[in-house]
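Participant: Quick note, the working numbering runs 6 ahead of the 1-based positions in the sequence shown.
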Amino acid sequence: MRILLVNDDGINAPGISALAKRFSREHEVYVVAPSSNRSGASSSITVGVPLSLEKKESSGLPSKAAYGLSGSPVDCSLCGINSEHIPDVDVVISGINDGPNIGTDVIFSGTCGAARYASMMGIPGIALSVDFNSYRNPADKSSDLYYDSLADFACKNLEKLIALCGEKKALDDRYVYECFVNVNSPCLREYKGVKLTSPCVRRYYDKILIEKESDGSMSSKCVGEVKCFSMGDENADYRATENGFVSVSSVYTEVAAMDLSGMKNSFIL
């Protein structure tokens with residue numbers, strides 16, 4: 007297959023390097039990734055502003071071509087899908103993210119945003135993340151091995167993951183996939199198994215620290231913690247990674263809304 011690799015951690019991140027090394031052994035790989043870390047960029051897109059696209063001749067990424075883009079992860083998907091420098095791709099793989107993207111994280115995640123955008127454009131989108139909060143031995147500095155494990159899993163199961171993107175539907179003059187796939191792995195070199203999961207609810211207990219800098223200016227910094235809730239769902243994604251399993255979720259591409267057809271419309275003008 008012809009594969010486009012994107013991420014939100016930046017073109018020099020170890021996760022995308024692990025994907026390029028593994029997938030290039032069996033597939034035709036192209037890379038478009040942010041020039042710098044764009045974690046938390048969600049589905050942001052750059053409009054009306056020129057972006058710098060630099061071909062990385064010595065990136066160390068095994069690929070047909072690798073580019074650094076001064077934009078968001080979604081910009082990278084957009085550029086890779088539509089660029090005349092890259093032939094039509096069969097799938098967009100986003101990651102491997104340094105940290106989990108479970109439950110409500112998918113709203114904020116640039117990794118998931120890039121995969122979702124691909125599915126919106128009629129190309130199967132797959133997001134990959136390693137949950138370094140689960141099973142990680144603090145004394146173990148070999149994080150690359152955990153990226154390698156997930157890259158190998160994704161490569162061996164690529165067609166199955168693509169199938170979980172659901173139906174490819176015609177929408178006006180283009181197509182859209184029903185879902186994008188969100189994969190999270192525990193911090194293990196050998197997994198206990200694979201679970202098909204549903205997104206949990208993540209609650210963020212954020213605080214903003216306002217500090218005065220030495221030059222008199224003010225700065226703000228977001229800090230806090232996060233807790234996971236399954237809402238009674240035993241198949242919640244965070245439970246899978248906590249128990250040593252790979253979590254695989256299919257997340258709807260399009261926005262879902264509550265059905266209001268049975269409610270009384272009492273608005274006044």
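A virtual CB, placed ideally from N, CA and C, is assigned to each residue, including glycine.
If contact is defined by three or more beta carbon pairs under 8 angstroms, each pair taking one atom from either stretch, is the region 105 to 118 in contact with the region 148 to 157?
Facilitator: no
Participant: Assess, as a yes-or-no matter, whether the region 210 to 223 is touched by the region 163 to 173 under the definition of 3 or more beta carbon pairs within less than 8 angstroms.
Facilitator: Under the three-pair Cβ rule at 8 angstroms, the region 163 to 173 does not count as touching the region 210 to 223.
Participant: Please state whether the Cβ-Cβ distance between D14 and S45 is less than 9 angstroms.
Facilitator: yes
Participant: So, with DSSP's three-state summary, where would you put Y36?
Facilitator: strand
Participant: Taking 8 angstroms as the cut-off, does the region 124 to 134 touch the region 79 to 90 (at least 3 CB pairs, one atom from each stretch)?
Facilitator: yes
Participant: Compute the beta-carbon to beta-carbon distance between V257 and C185, rounded to the nearest angstrom, for a pair I have assumed lies under 8 angstroms.
Facilitator: 6 angstroms
Participant: Does the ligand ATP have even one heavy atom less than 8 angstroms from the beta-carbon of C193?
Facilitator: No copy of the ligand ATP occurs in the structure displayed, which carries no ligand at all.
Participant: Are the beta-carbon atoms belonging to C206 and G119 less than 9 angstroms from one another?
Facilitator: At a Cβ-Cβ threshold of 9 angstroms, C206 and G119 do not count as neighbours.
Participant: Which whole-angstrom value is the C-beta distance of N103 and V136, which I expect to be below 8 angstroms?
Facilitator: 7 angstroms
Participant: Judging by CA-CA distance, which residue of N139, G128, E231 is the nearest neighbour of R180?
Facilitator: Closest option to R180, Cα to Cα, is G128.
Participant: Extract the residue ranges of the beta strand (DSSP E) inside the region 131 to 186, only unbroken runs of 3 or more that lie entirely within it.
Facilitator: Qualifying beta strand (DSSP E) stretches, in chain order: 131 to 137, 174 to 177, 180 to 183.
Participant: Would you mind giving the Cβ-Cβ distance between I99 and L134, rounded to the nearest angstrom? I have them listed as a contact below 8 angstroms.
Facilitator: 7 angstroms
Participant: From L215, V189, S69, pick the residue whose C-alpha is nearest to that of Y244; which is it?
Facilitator: V189
Participant: Starting from R31, follow the beta strand (DSSP E) in both directions and report where the run begins and ends.
Facilitator: Here R31 belongs to no beta strand (DSSP E), and DSSP marks it neither H nor E.
Participant: Below 8 angstroms on the Cβ atoms is my guess for L11 versus A26; work out the distance and round it to an integer in Å.
Facilitator: Yes, L11 and A26 are in contact; Cβ-Cβ is about 6 angstroms, under 8 angstroms.
Participant: Rounded to a whole number of angstroms, what is the C-alpha to C-alpha distance between I17 and I274?
Facilitator: For I17 and I274, the gap between their C-alpha atoms comes out near 52 angstroms.
Participant: Using DSSP bridges, identify the partner residues of M224.
Facilitator: K218
Participant: Looking at N72: is its Cβ nearer than 9 angstroms to the Cβ of H91?
Facilitator: The amino acid at residue 72 is misidentified as Asn; the sequence shows Ala. Not closer than 9 angstroms, so no.
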